[in-house]
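Chains A and B supply the protein sequences, listed in that same order.
Numbers 8 to 341, taken from this note's numbering, label the letters of the first sequence in order.
Numbers 8 to 341, taken from this note's numbering, label the letters of the second sequence in order.
All residues carry an ideal CB built from backbone N, CA and C; glycine is no exception.
Here the structure is a predicted model, which means the values were calculated and not measured.
This report refers to the structure that appears directly beneath it.
There are 2 protein chains.
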Amino acid sequence: MSPGVIGQPVALDAMGGDQGPAPLVGGAVRALAQGIPVLLVGDRAALEPLVPAGVDLPIRHAATAVGMGESPATAVRRKPTSSIVQAVSALREGDACAAVSCGHTGATMAAALFGLGRLPRVSRPALATVVPRADGGKLVLLDLGANVDSRPEHLAQFAVMGACFARVAVGLDDPRVGLLSNGAEPGKGNELVREAAPLLAQLPLRFIGNIEPEAALRGGCEVLVCDGFVGNIMLKTVEATAAVVSRVLRDEVARRLSTRIGARLLGGILGRFRDRTDAQNVGGALLLGVPGVVVAGHGRSDERAVEHAIELAWRSAKNGLGPAVGEAITDALG
Amino acid sequence: MSPGVIGQPVALDAMGGDQGPAPLVGGAVRALAQGIPVLLVGDRAALEPLVPAGVDLPIRHAATAVGMGESPATAVRRKPTSSIVQAVSALREGDACAAVSCGHTGATMAAALFGLGRLPRVSRPALATVVPRADGGKLVLLDLGANVDSRPEHLAQFAVMGACFARVAVGLDDPRVGLLSNGAEPGKGNELVREAAPLLAQLPLRFIGNIEPEAALRGGCEVLVCDGFVGNIMLKTVEATAAVVSRVLRDEVARRLSTRIGARLLGGILGRFRDRTDAQNVGGALLLGVPGVVVAGHGRSDERAVEHAIELAWRSAKNGLGPAVGEAITDALG
Chain A
8 MSPGVIGQPV
18 ALDAMGGDQG
28 PAPLVGGAVR
38 ALAQGIPVLL
48 VGDRAALEPL
58 VPAGVDLPIR
68 HAATAVGMGE
78 SPATAVRRKP
88 TSSIVQAVSA
98 LREGDACAAV
108 SCGHTGATMA
118 AALFGLGRLP
128 RVSRPALATV
138 VPRADGGKLV
148 LLDLGANVDS
158 RPEHLAQFAV
168 MGACFARVAV
178 GLDDPRVGLL
188 SNGAEPGKGN
198 ELVREAAPLL
208 AQLPLRFIGN
218 IEPEAALRGG
228 CEVLVCDGFV
238 GNIMLKTVEA
248 TAAVVSRVLR
258 DEVARRLSTR
268 IGARLLGGIL
278 GRFRDRTDAQ
288 NVGGALLLGV
298 PGVVVAGHGR
308 SDERAVEHAI
318 ELAWRSAKNG
328 LGPAVGEAIT
338 DALG
Chain B
8 MSPGVIGQPV
18 ALDAMGGDQG
28 PAPLVGGAVR
38 ALAQGIPVLL
48 VGDRAALEPL
58 VPAGVDLPIR
68 HAATAVGMGE
78 SPATAVRRKP
88 TSSIVQAVSA
98 LREGDACAAV
108 SCGHTGATMA
118 AALFGLGRLP
128 RVSRPALATV
138 VPRADGGKLV
148 LLDLGANVDS
158 RPEHLAQFAV
168 MGACFARVAV
178 GLDDPRVGLL
188 SNGAEPGKGN
198 ELVREAAPLL
208 AQLPLRFIGN
218 IEPEAALRGG
228 CEVLVCDGFV
238 GNIMLKTVEA
248 TAAVVSRVLR
258 DEVARRLSTR
268 IGARLLGGIL
278 GRFRDRTDAQ
288 NVGGALLLGV
298 PGVVVAGHGR
308 SDERAVEHAI
318 ELAWRSAKNG
328 LGPAVGEAIT
338 DALG
């Protein structure tokens, strides 16, 4: 059912991203050092000089690339030789276990849908990611914007796919599923939420009903379901607020502590603080609902973020996420 | 046009809030110390013992109160003697310049709408608040949930009212108005955003188009317009993330610095940090679109937050927010 072959390398679109191929190849080198094989997909002439001598990173040549400014669906159709299309082709043809791109998320989705199709019974694939919770736990959030206008039955599918992702790829047993709302009481929410809640309640899931952002981020559920417009706003707001708060904190530290000792004391704290809150650690978003593991990373990913995106793809493929999502959908809705 | 009388006290629903009347009376004492007269509205027997001797806080007796668990509209209709209804009555009758409640936001809205009606041409009143931006500026965000399902023309009205609030009560000249979206490019957004954007572009406002959460929080606009469901999720996510990040930071400090010196060094930093990021500083949300100034504070407001809510109400009334919103709506849409 899933076209990726476990044990094969992760195909990395090495041309997609805001900062050119260097951080992408750098991330691949880091992943390889952890024992994860990576297949670089992109312009051989541009990539070869970036691969350190003696490092085993094979290249699948792709003559073109999809730019951040292009219309994703059009560009993917017109550029079969582009790095994102070729990364998905490597997956489809069994030369990779998963595909990762930090290029235009819309192009990644279009390439995956054109190249792999959808799983049976999935009407709308969704993007899911993992957000760190206040209690140290993990929260799977979806949809992040694969769709901007959703119907109640789409949210039910997101719930099934998100719970499967949480179990198989994030390691959360029997995850609690919440429906993002402006109030926890039954009957709260906009029209979409009010219509989706009874559908989610009928699924073979541990559905806890409506939940507000704070309760979810504090540990009230492991899977948070919402439409893609709201999920995109929520994820970006978490990232922006964390960045803003960190910046305010650095300003205050700089204002008060000019001594080297103070700076050194705080250096370690701020480093760990960043490790625990930085969106770069998340690694990207899984596209759920296509047969195969496809990860869309942040456009501005640094080497560490690229490494985490590759890790996420590798772990998801190794744990059989592709077939598991198909089975979960069939079991719940089939 | 506006029923509040400038110079009269702020009517405070002294029974509404999660922690009983003590922090409410405490906030009123703090506001009074700043020269803002306050009229306490609530159960005289419960409130009198809380007012310190020699402090000039008159009480308007209200025999009942609306609980957090009651259906707001029903409770407001059935309880004309409740503190929230009586606070709005004080405003309507000219005994107050504004009304403030930290009780159930739905009850505050219902009491305001039943007691004051809507401004001409306003189809849906909206809740607006001020969020601190990363650059030290202020961002007016609305709607925060006065409505959960909105139409494009409602968002246009929110834009006009929000820009007026920013000018008159927050002191932002010629504010830039953005439409919250999952992407800044024209044509991005869900169906509501795509239909609202051309309506906002026709208004006599400095409309900058679609904007993402990060750009808005970093200083890209002064007024951020969205439907009430999304605005509620965004505001709660900002608050929750700031709280989570602060908690992670405190954990890290505690883990590393056990000495008193370190704690003292950091005490000041954390205090200023909290001052700059704490939602309690915002003071609450203005209900725009009713004739008169009505502020809905946080249910869990402490004395400081109550003080800020009273300040916000006083400043808004003094600057003539009520009549100004009416004129802005007439100018733009009339």
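Would you grab the beta carbon distance between I218/B and L187/B for me? Rounded to a whole angstrom, and I think it's under 8 Å.
7 Å
What is the DSSP secondary structure of H161/A, reduced to helix, strand or coil?
helix
Using CA atoms only, rank isn't needed, just tell me which of E198/A, A191/A and C228/A is closest to P182/A.
Nearest C-alpha to P182/A among E198/A, A191/A and C228/A: C228/A.
Would you check whether the ligand GDP has a heavy atom nearer than 8 Å to the C-beta of V58/A?
In terms of ligand content, the structure shown is empty, and the ligand GDP therefore cannot be addressed.
Closer than 7 Å by C-beta to Q93/A: which residues in its own chain qualify, once you throw out the five before and the five after it? Chain order, please.
V48, R67 and A69
Cα-Cα separation, P330/B to C104/B
12 Å
Using a Cβ-Cβ cut-off of 6 Å (strictly less than) and excluding sequence neighbours within five positions of A339/B, which residues of its own chain qualify?
Closer than 6 Å at the Cβ level, and outside the excluded window around A339/B, lie V167, L210 and P211.
Buried versus exposed, by CB contacts within 10 Å (16 or more), A324/A:
buried
How about T248/A: is its C-beta nearer than 9 Å to some C-beta of chain B?
Chain B, which has a Cβ nearer than 9 Å to the Cβ of T248/A, makes this yes.
Secondary structure of M8/B, DSSP reduced to three states:
Because the pLDDT of M8/B is 45, which lies under 50, any placement of that residue in the model is unreliable, and the number read from its coordinates should be weighed accordingly. Note: M8/B maps to coil in three-state DSSP.
Beta-carbon proximity check, V351/B vs A118/B, cutoff 9 Å
The requested residue 351/B does not occur in the structure, where chain B is confined to residues 8 to 341.
When burial is assigned at 16 or more other CB atoms within 10 Å of the CB, is P16/B buried or exposed?
The residue is buried, with at least 16 neighbouring Cβ atoms inside 10 Å.
What are the partner residues of S108/A, as DSSP defines its beta bridges?
For S108/A, which the question treats as bridged, DSSP gives the partners D20/A and A303/A.
Which word fits V129/B, buried or exposed, when buried means at least 16 other C-beta atoms lie within 10 angstroms of its C-beta?
buried
Out of S308/B, I43/B, V255/B and G327/B, state which residue places its alpha-carbon closest to the alpha-carbon of P30/B.
S308/B
Can you tell which of L162/B, L295/B, V245/B and N239/B has its C-alpha closest to the C-alpha of A204/B?
Nearest option by C-alpha distance: L162/B.
If contact is defined by three or more beta carbon pairs under 8 Å, each pair taking one atom from either stretch, is the stretch 188-208 of chain B in contact with the stretch 106-116 of chain B?
no
Closer than 7 Å, Cβ to Cβ, to anything on chain A: give me those residues from the stretch 145-173 of chain B, in chain order.
G152, V155 and D156
As an exercise, report each continuous beta strand (DSSP E) stretch of at least 3 residues that is fully enclosed by the stretch 86-158 of chain B, in chain order.
Listed in chain order, they are 105-108, 133-139 and 145-149.
So what does A292/B bridge to, in DSSP terms?
By DSSP's assignment, A292/B forms a beta bridge with A303/B.
8 Å Cβ cut-off: residues of chain B touching M241/A:
I240, M241 and T244
Would you call V138/A buried or exposed, if buried means 16 or more other Cβ atoms sit within 10 Å of its Cβ?
With 16 or more Cβ atoms within 10 Å of its Cβ, V138/A is classed as buried.
Quick one: which chain B residues come within Cβ less than 7 Å of I251/A?
According to the sequence as given, residue 251/A is Val; it is not Ile. Chain B residues near V251/A: A141 and L224.
Whose Cβ in chain A lies nearer than 7 Å to the Cβ of E198/B?
Those are D156, listed as they occur along chain A.
Just to confirm my understanding: we take A176/B, look at its own chain, exclude 5 residues before and 5 after, and list those with CB closer than 8 Å. What are they?
L293, L319, R322, S323, N326 and L328
Beta-bridge partners of H68/A, as assigned by DSSP:
G49/A
Which residue's Cα is closest to the Cα of A249/B: D258/A, L224/A, F236/A and V237/A?
L224/A
Let me see if you follow: with CB-CB separation under 9 Å, is R254/A close to chain B or not?
yes
In chain order, what residues of the stretch 182-208 of chain A put their CB closer than 9 Å to some CB of chain B?
L187, S188, N189, G190, K195, G196, N197, E198, L199, V200 and R201
G327/A by DSSP, collapsed to three states: which one?
The answer is coil: DSSP assigns G327/A none of H, G, I, E or B.
Cross-chain neighbours of V237/B in chain A, by beta carbon under 8 Å:
F236, V237 and I240
Which value, in whole angstroms, describes the spacing of the CA atoms of L54/A and D20/A?
11 Å
Partners in chain A for E229/B, counting only beta-carbon separations shorter than 8 Å:
Near E229/B there are no residues of chain A at all, since even the closest Cβ is about 16 Å away, more than 8 Å.
Within chain A, the residues that P220/B reaches when beta carbons sit closer than 8 Å
Those within 8 Å of P220/B in chain A are I240, K243, T244 and A247.
Kindly say whether C233/B, judged by its beta-carbon, lies nearer than 9 Å to any beta-carbon of chain A.
Yes, its Cβ sits closer than 9 Å to a Cβ of chain A.
Note down the Cα distance separating G290/A from G34/A, rounded to an integer number of angstroms.
11 Å
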